[in-house]
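In our numbering, the protein residues as written are 515 to 731. Quick reminder that beta carbons are idealized off the backbone N, C-alpha and C, glycines included. Scroll down for the structure; my scribbles are underneath it.
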Ligand SMILES: [Zn+2]
């Protein structure tokens, strides 16, 4: 899942208005932000295998530290605690971020084949496989994305032109990148996948930038 994670990040602004959109994105996408670094370090593996599913050509061979349920429970707790302590935020802000980190696993479970581990070392793997249906994949991704975007746009107001242009150009950019990734050619290899995924950090920065130009409505 791609757009859906950004959708829940956007939507969480309603629950914790004091938390920047950048931090909400970082939490919702923490698993996918960690993943490319673990790939590059050789700790996790992915293969490009056209036809693996109808929608994505990626075969997630192994990703126990970024994508197992237990790992995300631990990452979520750490993320929430570090944020809460370092920013002296309300407890609710830390809890919201922790739950966002955990939400990644449940949203991925909808899309993936049964390749998502429950624990880093166990054999159990889950996945409902919506990626085998283009219609259900698009419906799931777009529904979450649009709902979250509307919630964020209503919960905040642009302080200046950057606040509105920045937000809507980000939304358009995410849509274009997503559609290009599912309808475009498969990536040339695992290394290309890992480096391209690192670019997700720019979207976190984009979130921080927009949020500074918007106020809570
Ligand atoms: Zn993921």
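### Query
So does residue 545 have its beta carbon nearer than 7 Å to some heavy atom of ligand 1?
yes
### Selected residue, minimal CA-CA separation from residue 570, among 677, 523, 600 and 626
Answer by Cα proximity: 626.
### Query
Counting pairs of Cβ atoms below 8 Å between the stretch 618-633 and the stretch 547-565, do you hit three or more?
no
### Message
Given this structure, state the Cα-to-Cα distance separating residue 680 from residue 670, to the nearest angstrom.
### Response
Rounded to whole angstroms, residue 680 to residue 670 spans 13 Å at the Cα level.
### Query
Apart from the five residues on each side of it in sequence, which residues of its chain come closer than 8 Å, Cβ to Cβ, to residue 722?
534, 535, 536 and 537
### Task
Apply the 10 Å Cβ neighbour rule to residue 575 and answer buried if 16 or more other Cβ atoms are within range, or exposed otherwise.
exposed
### Query
residue 595: buried (16+ other C-beta within 10 angstroms of its C-beta) or exposed?
exposed
### Query
If residue 615 sits next to residue 658, beta carbons under 8 Å apart, how far is it from one beta carbon to the other, in whole angstroms?
Wrong, their Cβ atoms sit about 16 Å apart, outside the cutoff.
### Query
How should residue 729 be labelled, buried or exposed, when 16 other C-beta atoms within 10 angstroms of its C-beta is the threshold for buried?
exposed
### Query
Between the Cα of residue 562 and the Cα atoms of 699, 647 and 529, which residue gives the shortest distance?
699
#### Entry: beta-carbon residue 629 near ligand 1 non-hydrogen atom, thresh 7 Å
Between ligand 1 and residue 629, a heavy atom-to-CB distance of less than 7 Å is absent.
### Own chain, CB closer than 7 Å to residue 642, minus 5 neighbours either side, in chain order
Contacts found: 623 and 624.
### Query
Relative to ligand 1, is the shortest distance from any of its heavy atoms to the C-beta of residue 674 smaller than 7 Å?
no
### Task
With DSSP as the reference, please indicate the residues paired to residue 573 in a beta bridge.
561
### Task
Mark residue 522 as exposed unless 16 or more other C-beta atoms lie within 10 angstroms of its C-beta, in which case mark it buried.
buried
### Query
Buried or exposed: which applies to residue 733, given that a residue is buried once 16 or more other Cβ atoms fall within 10 Å of its Cβ?
Residue coverage of the chain in this structure runs from 515 to 731, which leaves residue 733 outside it and unanswerable.
### Task
Give me the Cα-Cα distance between residue 666 and residue 518, rounded to the nearest whole angstrom.
14 Å
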